[in-house]
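The structure appears right after this line, and notes come after that.
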Amino acid sequence: MLRWVILAQAEQFDIRTIRIPESTLGVSNQIVLGILTAAAILLVVGGVVTLLVQRRRMLQSRRQRQEARVQEVLSELNLGEEERRMIEQVTASVNPTDHLALMESRPAFERRVKQFREQNPRHPALRKLGLLRQRLGFGFGNIRIPFSDTRMLAPGQKVQCKIPHPKRELSFVTAIVGTSENQFWIRPPTAKGKPVSLEKFPQLEFHVSRENDAEYEFTCRVLGQSPAAMRAVALEHTDQIQRLFFRNAPRIELDLATEFYVVRQEAAEKSHALLRARDSQYLIKGRLRDLSVGGALAFVPVNETTPHDGDTLIFRLAPAQIRDDLVAEVVRTAPVEGNLLKVNLQFVGLKELDRLKLNKYLTNLTG
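Residues in the sequence shown are numbered consecutively from 2, following the working numbering.
Shown next as structure tokens:
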């Protein structure tokens, strides 16, 4: 034994020359690799779980915020549980995100309602969706929304109806008495105290105006007429609507003696639309020479009461069966022969019903 030790000391010794059995090395590497792999898997799984938990919390928080917003909108619009259930039916969802999208976007509302209407043509909710549309602010009365579908019209809305006639065009002012997602009903005119039958006409033309916006025309197919006392006429909805601007309205020539009440611009204490004859400083007599739904042309004598640009003229138009005063702003004046002044007028604050009556009057003048 000592001999071997002395021999080992005598010879140069290098630890790198020591060989570890390969079987022992392989087992050690496998153990280390297994530990590292397990640690990596645990790390990945832990990260995924953490992300999933965070995402779930984020979605829950977002859903809670959306639900709070839905409740806020429902409260602002004075909508109750019945309307909320209707929204759930239309969206086929209980997700407040879907409900909020329908309540705050008219395109989303109309898209969902159309899909619901096509899938459920006889669903009882179709008769109530019109009211929901109005209460969400998607109806005809909201001038910020384009009038693109007759489903936007609400019961009580005044419209002018034109009846095709071989000799001349007949028209009458009426009101919508009911509406659903598939059709709407109007009150027919009367003759000798009885409702007129309109079901023989294949279609009717309509004219409606929206204050501070424009006038619109559309044609609807006649679906039938009720046999009940009122004999309401059922019409098919349409989205083929033509927009007409007041300023482009055609002028109809006439010659009508008229009394004009003049309110000086510097003396007016109210907005043009609120002025009445009692607010005037002068009364002048002149003649209406042309008329449109947007304004008129008047000839008045030149004297100390002559109106100026920016003044307001107030007058009556009894032949059009308009009971209220018509208020018009003087937009331009120009002298003409015979010591007369030509006065261009633009109506302000004209009520919708008065505009319809005025349009009917003009239609009859050209008939």
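Yeah, the Cβ is synthetic: ideal placement off N, Cα and C, and Gly gets one too. None of these values were measured; they are calculated from a predicted model.
Check	Outcome
Inspect the beta-carbon positions of Y217 and I242 and report whether they are closer than 7 Å.	yes
Verify whether the separation of the beta carbon atoms of L43 and E84 is less than 7 Å.	no
Quick test of the definition: if touching needs 3 or more C-beta pairs under 8 Å, does the region 100 to 108 touch the region 45 to 60?	no
Give the DSSP bridge partners of F207, in chain order.	C162 and F219
Please report the distance separating the alpha-carbon of L257 from that of G225.	41 Å
Can you grab the Cα-Cα spacing for the pair V337 / F316, in whole Å?	22 Å
Judging by CA-CA distance, which residue of E206, T151 and L199 is the nearest neighbour of F185?	T151
Restricting to Cα atoms, I'd like to know which of A329, T367 and E182 is closest to Q120.	E182
Please classify R317: does DSSP put it in a helix, a strand, or coil?	strand
Kindly give me the distance between the Cβ atoms of R1 and L298, rounded to whole angstroms, as I take these residues to be in contact under 8 Å.	Since the first and last residues shown for the chain are 2 and 368, residue 1 lies out of range.
Where G350 and A269 are concerned, what is the direct C-alpha to C-alpha distance, given to the nearest angstrom?	15 Å
Can you look up F148 in the DSSP assignment and give me helix, strand or coil?	coil
Kindly list the residues whose CB is nearer than 6 Å to the CB of F348, restricted to its own chain and excluding five residues on each side of it in sequence; keep chain order.	G296 and A329
Ignore the nearest five residues each way along the sequence and tell me which others in H1's own chain have a CB closer than 6 Å to its CB.	Outside the displayed span of the chain (2 to 368) sits residue 1, for which this structure offers no information.
Which value, in whole angstroms, describes the spacing of the CA atoms of V33 and A41?	12 Å
Can you say whether A230 is buried or exposed, counting buried as having 16 or more other CB atoms within 10 angstroms of its CB?	exposed
Report yes if the CB atom of P97 is closer than 7 Å to the CB atom of Q116, and no otherwise.	no
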